[in-house]
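Everything below concerns the one structure shown next.
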Amino acid sequence: MILDTTPLHPELGREDLELVVAGDVSVYEPKGEWLRKRLADAVELQQELANLPLSERLRAVELLGEAWREKLESGKLEWVKEELAKATGYSPAIVDLEVEFVAEVLNPGNIAKALDTALVGGSRSLEEPVEVAARERVRNLPAGPVLVIGSGNSIVPPLIPTVFSLVIGNFTILRPSLANFRAVREVFSPLHSLPLDVSLRRALLVSYFAHESRNLRELLERGPLGVVNYWGGEPGRTAVARMLAANPHRPRFVVNGPMTGFAIVDSSCATVEVAEKLAFEMVLYEQQLCSSPTQAAFVGSKEEALGFAEKLASSLEKVGKRYPVQLESLPYALFVMRRSLELAGAKVYASSDPSNPWTIALSDGKSALGEVPPNALLPLHARRRFLEIVRVNSTREALNLVASLPRNPAYLGVDRVQTLAVAVDRGALEEILRNLHRIGVYRVVPLGESYLRTPVEPYDGLFLPAAFSYSVYIRG
Numbered sequence: 098m099i100l101d102t103t104p105l106h107p108e109l110g111r112e113d114l115e116l117v118v119a120g121d122v123s124v125y126e127p128k129g130e131w132l133r134k135r136l137a138d139a140v141e142l143q144q145e146l147a148n149l150p151l152s153e154r155l156r157a158v159e160l161l162g163e164a165w166r167e168k169l170e171s172g173k174l175e176w177v178k179e180e181l182a183k184a185t186g187y188s189p190a191i192v193d194l195e196v197e198f199v200a201e202v203l204n205p206g207n208i209a210k211a212l213d214t215a216l217v218g219g220s221r222s223l224e225e226p227v228e229v230a231a232r233e234r235v236r237n238l239p240a241g242p243v244l245v246i247g248s249g250n251s252i253v254p255p256l257i258p259t260v261f262s263l264v265i266g267n268f269t270i271l272r273p274s275l276a277n278f279r280a281v282r283e284v285f286s287p288l289h290s291l292p293l294d295v296s297l298r299r300a301l302l303v304s305y306f307a308h309e310s311r312n313l314r315e316l317l318e319r320g321p322l323g324v325v326n327y328w329g330g331e332p333g334r335t336a337v338a339r340m341l342a343a344n345p346h347r348p349r350f351v352v353n354g355p356m357t358g359f360a361i362v363d364s365s366c367a368t369v370e371v372a373e374k375l376a377f378e379m380v381l382y383e384q385q386l387c388s389s390p391t392q393a394a395f396v397g398s399k400e401e402a403l404g405f406a407e408k409l410a411s412s413l414e415k416v417g418k419r420y421p422v423q424l425e426s427l428p429y430a431l432f433v434m435r436r437s438l439e440l441a442g443a444k445v446y447a448s449s450d451p452s453n454p455w456t457i458a459l460s461d462g463k464s465a466l467g468e469v470p471p472n473a474l475l476p477l478h479a480r481r482r483f484l485e486i487v488r489v490n491s492t493r494e495a496l497n498l499v500a501s502l503p504r505n506p507a508y509l510g511v512d513r514v515q516t517l518a519v520a521v522d523r524g525a526l527e528e529i530l531r532n533l534h535r536i537g538v539y540r541v542v543p544l545g546e547s548y549l550r551t552p553v554e555p556y557d558g559l560f561l562p563a564a565f566s567y568s569v570y571i572r573g
């Protein structure tokens, strides 16, 4: 079967494509010679882009956002919603939120604010040297060409680094996943027709490459790349790293993932409102984001923990029904894991509704999930609307769970906890902040805001605009 993976670039014709077998399907990729030519011209193109006023680069993104909103309001994106819901397994109601959020990613005000925060000298340093001390100036320039290897769990994550890279002035190659390729291509397709400087139109290639593609291998092993930004986990991350190790141009390798989220709730904050916020975080994106809480600690007595688990179960019934998924029946493997958790000592609360298949496991003192036999354990990506709550006696014990999560057998392949969502009193929050060095998280946010990102936030401890640029120091 041949999939519609025609790459997006204004200078790419049919004669420049080749059909590549990827498992039981065939996909279109740019030919190696075409890629080599574009990469050879990239330095000159990036100089043109860097000399464009930043306002023109931001205007290009703004026009993309306007084009997307117009399609959304006119109903021309229904096919995108249907494809994403089918490919990801998300509720159509979640996909509706996702496609609306695209316009926020393409908001030039948000981008400019992020650049001002991330770059020494602020966004103006992308146009001219900016004084940072007496007789000392800094100019930030494109570090590309940039290759972004995006994840498939959402349409938004591939857009974020790509937009930053383009605005900074890099020749950018975006390789989405098969799950979201057509949706991502649709976001950037107006570049060809909008009234933009020709260098901006030539600055982006959106193309799928098969995992075993020789074109991708050549790009990683020998391409004159400046930065490779990889979103995802194993085994792809290690495979890409090994190929990049052979590249004589020594591109930067920036990795986002694989991580997960964790929630801490203490008895003083165990309200119905907090339970509803946690339920929403479990339902949103089916816990497939690196920020989604997949384990929690409850600081309090056994009776208080039982009471909060019951509030969460009631909230999941209510919240989950607003975002139904399309399952005919619950998978047998889920029943096996639920029973195994009970045998490991956990109290299990669970739904039998295939359209809202939530599960809560309440453990005492330590993770019962970590005691489940490997053959009875669903992998993390398949544990949807699932949360283990571990009751502990103190904030310190809760933080021990956060720090040890990557060593829990149920979280094999997870590097660390990315987002710590908290509903605790002031004293507990201060204790958490004093122990940031020990627990190694990248974000601490109020429970209910794990998925929210402001323009000034770094990604996994790194400001992406800084990763896609380099600073020239000037004295005199």
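When the letters of the sequence shown are read in order and numbered with the working numbering, they come out as residues 98 to 573. A virtual CB, placed ideally from N, CA and C, is assigned to each residue, including glycine.
- Positions of the beta strand (DSSP E) runs, each at least 3 residues long and wholly inside the segment 428 to 513, are given as 444 to 447, 456 to 461, 483 to 489 in order along the chain.
- Residue burial is scored here from C-beta neighbours: M434 has at least 16 other C-beta atoms within 10 angstroms and is therefore classed as buried.
- Taking the CA atoms as reference points, M379 sits about 11 Å from S388.
- Counting of Cβ neighbours within 10 angstroms places N148 among the exposed residues, the total staying below 16.
- Under the three-state reduction of DSSP output, D557 falls in the coil class, being neither helix nor strand.
- With contacts defined by Cβ atoms closer than 9 Å, L474 and T391 do not form a contacting pair.
- Relative to R135, the option among P150, S152, S426, D113 whose CA is nearest is D113.
- Looking only at R535, L559, G323, G218, the smallest Cα-Cα distance to I270 is reached by G323.
- Within its own chain, the residues whose Cβ lies closer than 6 Å to the Cβ of L413, once the five positions on either side in sequence are excluded, are A376, W455, listed in chain order.
- CA-CA distance, S123 to V117, rounds to 5 Å.
- The bridge partners DSSP lists for F268 come to none.
- Looking at the DSSP output, E145 shares a beta bridge with no other residue.
- Note: E126 is bridge-paired with E115 in the DSSP secondary-structure output.
- Distances from the alpha-carbon of I208 to those of A300, P555, R540 put P555 closest.
- Note on geometry: alpha-carbon atoms of S188 and L244 lie some 31 Å from one another.
- Residue nearest to A520 within the set R481, P127, D363 is D363 (criterion: CA-CA distance).
- Rounded to whole angstroms, the gap between the alpha carbons of P506 and G524 is 32 Å.
- With respect to the C-alpha of V422, the residue from L181, Y429, A343 having the closest C-alpha is L181.
- Counting along the chain, the unbroken beta strand (DSSP E) around E233 starts and ends at 233 to 239.
- At a Cβ-Cβ threshold of 9 Å, S310 and A139 do not count as neighbours.
- If you draw a straight line from the Cα of N267 to the Cα of P543, it comes to about 35 Å.
- T357 and Y508 do touch by the CB rule: their CB atoms are close to 7 Å apart, below 8 Å.
- DSSP links F278 through a beta bridge to no other residue.
- DSSP, reduced to helix, strand and coil, places V371 within a helical segment of the structure shown.
- As the crow flies, the alpha-carbon of K128 is around 15 Å from that of A137.
- Taking a contact as a CB-CB distance under 8 Å, the pair P451 and L431 does not count as one, their CB atoms being some 10 Å apart.
- By the criterion of at least three beta-carbon pairs nearer than 8 Å, the segment 254 to 268 is in contact with the segment 148 to 161.
- Comparing C-alpha distances from P255 to each of F278, R236, A240 shows the shortest one belongs to F278.
- Fewer than three pairs of CB atoms, one per stretch, sit closer than 8 Å, so the segment 493 to 505 makes no contact with the segment 401 to 409.
- N472 has its alpha-carbon roughly 46 Å from the corresponding atom of N204.
- Out of L146, E197, N344, the CA that lies nearest to the CA of E170 is found in E197.
- The beta carbons of F560 and A211 sit closer together than 9 Å.
- Taking a cut-off of 8 Å on C-beta distances, the segment 334 to 353 does not touch the segment 364 to 371, as fewer than three cross pairs fall below it.
- L105 is the residue among G545, A338, L105 whose C-alpha sits nearest the C-alpha of L288.
- DSSP, reduced to helix, strand and coil, places I99 within a strand of the structure shown.
- Assignment of S251 by DSSP, reduced to helix, strand and coil, places it in the coil class.
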